[in-house]
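Number of protein chains: 2
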Amino acid sequence: MSGSNPIRVLVVDDDPLACEAHIAYVRRVPGFVVAGSASNAAAALKFLAGGGVDLVLLDMNLPDRHGLEIIRTMKAARHPADVIAVTSARELETVRTAVSQGIVQYLLKPFSFATLRERLERYASYRQTVTAPTAASGQAEVDQLLAGLRGASPAAPAGLLPQTLESVVNLLRELTDLSAAELADRLGTSRVTARRYLEHLVDTGAATRDHRYQGTGRPVVAYRWRSPG
Amino acid sequence: MSGSNPIRVLVVDDDPLACEAHIAYVRRVPGFVVAGSASNAAAALKFLAGGGVDLVLLDMNLPDRHGLEIIRTMKAARHPADVIAVTSARELETVRTAVSQGIVQYLLKPFSFATLRERLERYASYRQTVTAPTAASGQAEVDQLLAGLRGASPAAPAGLLPQTLESVVNLLRELTDLSAAELADRLGTSRVTARRYLEHLVDTGAATRDHRYQGTGRPVVAYRWRSPG
DNA sequence: TGTCTTGTGTTCGTTTCGTTCATCGACCGG
DNA sequence: CCGGTCGATGAACGAAACGAACACAAGACA
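So the protein sequences, as listed, match chains A and B.
The first sequence maps to residues 45 to 273 in our numbering.
The second sequence maps to residues 45 to 273 in our numbering.
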């Protein structure tokens, strides 16, 4: 553990804010150091050519070339660094191509620090096993290795279910201006529960509250996803 | 399901006996057809250039070139076929490189028909989801996709009985949407034990977790065998 | 100002979850 | 034949997540 070298990470993102955020995140995870950053494909490839990178946190949407192209170039050049794809693109086709090119993780933006840390730690564990000069004892060990690299997300809010929270986020993104009662209807839960999740999103700054006047009775509280980014 | 085209497989192995055996195996799995076979790297690449291949069952030890080289050449040429690495090489370094090049599975020789079938079925499920022109609803869906592709074989129990596990798998396949309590009832075990087996299946990517809101009280956790549609 | 109408916010009981720990049997060396 | 270790199990016990119910809030309208 303490004897192994830190994993050197290159952060690539064209949005300066996101780039800084990711750098700060990586710095907070023990065992990882930020080797550098780049805001476009050309700079990223140039930095990679200089060596000293073990892992790339790679945004797919870059101004000059698509992230998938960078991966292809890297692999063709036998560059040994692994790649975690970071993107807001939800097209499954992109996921498929990225997997086919050998990415070790696929992270959807925006993600929390907890999520990134968990993925980095998984990768560190995988890397430590796999770089040892030993042989696998059998199929089971190989399976375990790959499964550990690609496990599910134990994202942990408080008092609510992670999966339901994600459904709420998706609905909020899709339909702007959602009231607690409407969400309850679409979710199959009670209004109380729907409200709990929405308030959580407001608390964490992911959503905003608003009022909708409808001519009669008490106004409805409408929730909105905060800026598509 | 029935409307989708079969997945065309190229079998590559220099040992004629093993090659024939793998061909016979693939033929026995519904939804897959053998597009051709090759006994060396040159023949494999030539066949691939002709198109009509979705998946390559690729032995790593070939007389002319190493399997990893074939994968690199394929990916550099943007060949869309996916690769399942088949090898008797247990060096973890080879595993790591192969994963880095984007293989979808890593199978150690010799393997049983049941093992290959299970991996092929996982790949078919992954492929069906990923080739649909839809977008992922969130990180959880992406994670489940990757976990299902790379998960360990469910037949690798740790702290549980293979026999019981098989019963659980059968029940889960038969009845979609099973809760831990329901399984416990049908199995004659306690809820705790039933839950242990179901969680194991989720860990290995063979099943997925879902929540069922039932009008009152805490929602129940519903488990599903993967590939619902 | 008072009333009506609609929706909000919170309390509290209900149902299920997830975990801990003792138990029971199987296997094993002596 | 006996004591010991190990592996799988389930009873029991907080804690978690939900929704029915209810009191109150906020606007419209007279």
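The C-beta atom is built at its ideal place from N, Cα and C for all residues, glycine as well.
- Valine 77/A is classed as exposed because its beta carbon has fewer than 16 other beta carbons within 10 Å across all chains shown.
- A Cβ-Cβ distance of about 6 Å is found for the pair leucine 216/B and leucine 222/B, placing them in contact under the 8 Å criterion.
- Here arginine 116/A carries a helix assignment [DSSP, helix/strand/coil].
- Comparing alpha carbon positions, the residue from Ala120/B, Val130/B and Arg171/B closest to proline 154/B is Val130/B.
- Judged by pairs of C-beta atoms under 8 Å, the stretch 155 to 169 of chain A does not touch the stretch 134 to 141 of chain A, as fewer than three such pairs exist.
- Under DSSP, no beta-bridge partner is assigned to glycine 75/B.
- Between glutamine 207/B and chain A, the shortest Cβ-Cβ separation is not below 9 Å.
- Taking a cut-off of 8 Å for Cβ pairs, the stretch 243 to 252 of chain A and the stretch 56 to 72 of chain B do not touch, as fewer than three such pairs fall below it.
- Residue-level contact by beta carbon holds for serine 144/B and chain A, with a gap shorter than 9 Å.
- Rounded to the nearest angstrom, the Cβ distance from histidine 255/B to alanine 266/B is 7 Å, consistent with a contact under 8 Å.
- With 16 or more other CB atoms across the displayed protein chains lying within 10 angstroms of its CB, serine 211/A is buried.
- Taking a Cβ-Cβ threshold of 7 Å, the residues of chain A close to histidine 255/B are Leu205, Gln207 and Thr208, in chain order.
- Pairing histidine 110/A with methionine 104/A gives a Cβ-Cβ distance under 9 Å.
- For phenylalanine 155/A, a Cβ of chain B is located within less than 9 Å of the residue's own Cβ.
- Arginine 72/B is positioned such that its CB atom lies no closer than 9 Å to that of arginine 134/B.
- For histidine 244/A, the enclosing alpha helix (DSSP H) stretches over residues 235 to 247.
- The secondary-structure analysis by DSSP pairs arginine 52/A across a beta bridge with Val77/A.
- For threonine 131/A, the beta-bridge partners assigned by DSSP are Leu152/A.
- Rounded to whole angstroms, alanine 79/A and valine 97/A show a C-alpha spacing of 7 Å.
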